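Here the structure comes first, spelled out in structure tokens, and everything after it is commentary.
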Amino acid sequence: MKKLSIILIAAIVFSCHDIENCDTNDQLDFFILRFYDLDTQDPKKVAFQTSSSGFIYGEGFYFSDSTAIGLPLNPDEAFITYQFDSVGTDVTHRLTLSYQTNVSIFDPDCPPSFYYSNLDTVNYTFDSLAIPGTITNNQLTTNVEVYFQ
Numbered sequence: 025m026k027k028l029s030i031i032l033i034a035a036i037v038f039s040c041h042d043i044e045n046c047d048t049n050d051q052l053d054f055f056i057l058r059f060y061d062l063d064t065q066d067p068k069k070v071a072f073q074t075s076s077s078g079f080i081y082g083e084g085f086y087f088s089d090s091t092a093i094g095l096p097l098n099p100d101e102a103f104i105t106y107q108f109d110s111v112g113t114d115v116t117h118r119l120t121l122s123y124q125t126n127v128s129i130f131d132p133d134c135p136p137s138f139y140y141s142n143l144d145t146v147n148y149t150f151d152s153l154a155i156p157g158t159i160t161n162n163q164l165t166t167n168v169e170v171y172f173q
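For my numbering, add 24 to where a residue sits in the sequence shown, where the first one is 1.
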């Protein structure tokens with residue numbers, strides 16, 4: 025009976041303990057960009073070195089043989105410009121986005137997270153561009169579609 029009482033008390037203590045849900049927040053602090061061939065509309069594998077104005081996460085990214093990339097946005101700015109330097113050629117493309125920064129407090133025990141809404145283009149030098157997802161979260165597989173030759 026004494027063992028049962030200890031188990032029961034332990035169960036009550038653990039059931040009252042809050043479980044942090046920090047890993048279940050579906051907000052993203054980056055946008056997902058996918059590349060497509062302009063003529064065929066098929067996914068296009070590309071290789072770029074990126075750099076950005078207002079970029080707070082480092083100098084940029086290198087990606088090769090990719091059809092998609094996640095690029096961060098700056099919570100302290102309302103605009104960001106990315107430059108894509110094509111690897112092995114002298115072709116350069118630019119993309120300027122505007123967005124609204126939002127703060128999400130998913131759980132009081134978790135740190136606040138940023139997500140972005142009203143994602144839109146200000147300027148771009150790709151052949152064509154579409155924005156099927158204007159909010160950054162795990163429910164969307166693509167925010168920006170880039171089409172070029």
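Each residue gets a CB set at the ideal place from its N, CA and C atoms; glycine is no exception.
Bear in mind that the values here come from a model prediction, so they are computed numbers and not experimental data.
Segment contact flag, the region 102-119 with the region 129-138, C-beta cutoff 8 angstroms, min 3 pairs:
Taking a cut-off of 8 angstroms for Cβ pairs, the region 102-119 and the region 129-138 do not touch, as fewer than three such pairs fall below it.
Would you please state the rounded distance, in angstroms, between the beta carbons of Ala-92 and Leu-62? I believe it to be under 8 angstroms.
Contact doesn't hold; Cβ gap of about 17 angstroms is too wide.
Length of the line joining the Cα atoms of Phe-103 and Thr-64:
Whole-angstrom Cα-Cα distance: 31 angstroms.
In angstroms, rounded to a whole number, what distance separates the CA positions of Ser-75 and Tyr-171?
Taking the straight line from one Cα to the other gives about 20 angstroms.
Nearest residue (CA-CA) to Val-127, options Glu-169, Thr-145, Thr-160 and Asn-147
Among Glu-169, Thr-145, Thr-160 and Asn-147, the Cα nearest to that of Val-127 is on Thr-160.
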